[in-house]
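What follows is one structure encoded as structure tokens, with my remarks underneath.
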Amino acid sequence: MTTSQIEVHVRAATRADVPRVIDLASQLGYRLDPAHAEATIETTLDRVLDVATTETGIMGWIAVSRDNSLLGSGDAWIEGLIVDEAHRGRGVGVTLLEAAHEWAREGSCVRMRVRSNVVREDAHRFYEREGYRIFKTQHNFEYRL
Numbered sequence: 466m467t468t469s470q471i472e473v474h475v476r477a478a479t480r481a482d483v484p485r486v487i488d489l490a491s492q493l494g495y496r497l498d499p500a501h502a503e504a505t506i507e508t509t510l511d512r513v514l515d516v517a518t519t520e521t522g523i524m525g526w527i528a529v530s531r532d533n534s535l536l537g538s539g540d541a542w543i544e545g546l547i548v549d550e551a552h553r554g555r556g557v558g559v560t561l562l563e564a565a566h567e568w569a570r571e572g573s574c575v576r577m578r579v580r581s582n583v584v585r586e587d588a589h590r591f592y593e594r595e596g597y598r599i600f601k602t603q604h605n606f607e608y609r610l
């Protein structure tokens, strides 16, 4: 697929991609554990980690999982979607999203959902342009163990 002067291909991530996946996550302030990232790549039954590549390397990634919980049957969740800040707005995110939708449909999911921090307004506009709608506002609680 050609998008704004760059040809993007989506493929499953490999262990060799972990350093770049971690680097891209750091652009949004996330610190990923390399061992956990590798485990995510190898656990493919109900989740996928895909990367978007161009002739110059990995430009972004998307992690998606199927929700097999009692209340979430039929849902797929975007765990993360990150595009290199130098290549945002060039179709990389859309290409990754399309691949995720296809993966979810093949897994009999009926909805794709995503949580997005309230301060990530660019991400909100992106998802809305791609047909997503806000369906709930909630508070997230945590309990440190």
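One rule links them: number in our numbering = place in the sequence shown (from 1) + 465.
Note that CB positions come from ideal geometry on N, CA and C, so glycine has one too.
Query raised in the report: For residue 474, which residues of its own chain have a beta-carbon under 6 Å away from its beta-carbon, when the five flanking residues on both sides are left out?
Result: Counting only residues of its own chain and dropping the five nearest sequence neighbours on each side, residue 474 has a CB closer than 6 Å to the CB of 518.
Query raised in the report: Is it true that the CB of residue 544 sits closer than 8 Å to the CB of residue 530?
Result: With contacts defined as CB atoms closer than 8 Å, residue 530 and residue 544 qualify as a contacting pair.
Query raised in the report: If we ignore side chains and look at the alpha-carbon of each, how far apart do residue 516 and residue 539 end up?
Result: Linking residue 516 to residue 539 through their CA atoms gives a straight-line distance of about 24 Å.
**Report entry** Span separating the alpha-carbon of residue 571 from that of residue 564
**Finding:** Between the alpha carbons of residue 571 and residue 564 lies a distance of about 11 Å.
Query raised in the report: Cα-Cα, which of 514, 583, 605, 498 is closest to residue 562?
Result: Ranking the options by Cα distance to residue 562, first place goes to 514.
Query - Exposure label - residue 505; buried when at least 16 CB within 10 Å - result: With at least 16 other beta carbons inside 10 angstroms of its own, residue 505 counts as buried.
**Report entry** Contacts around residue 569, its chain only, beta-carbon distance under 6 Å, and the 5 residues preceding and following it disregarded
**Finding:** The answer, listed in chain order, is 541, 577.
Query raised in the report: Given residue 588, which residues of its chain have a CB within under 7 Å of its CB, disregarding the five upstream and five downstream residues?
Result: Excluding residues up to 5 positions away in sequence, 581 lie with their Cβ nearer than 7 Å to the Cβ of residue 588 in the same chain.
Query raised in the report: Roughly how far, in whole angstroms, is the beta-carbon of residue 527 from the beta-carbon of residue 490, given that I think they are within contact range, below 8 Å?
Result: With a Cβ gap of about 12 Å, residue 527 and residue 490 do not count as contacting.
Report task. Just the C-alpha distance for residue 532 and residue 511, rounded to the nearest angstrom, thanks. Result -> Roughly 8 Å between the two C-alpha positions.
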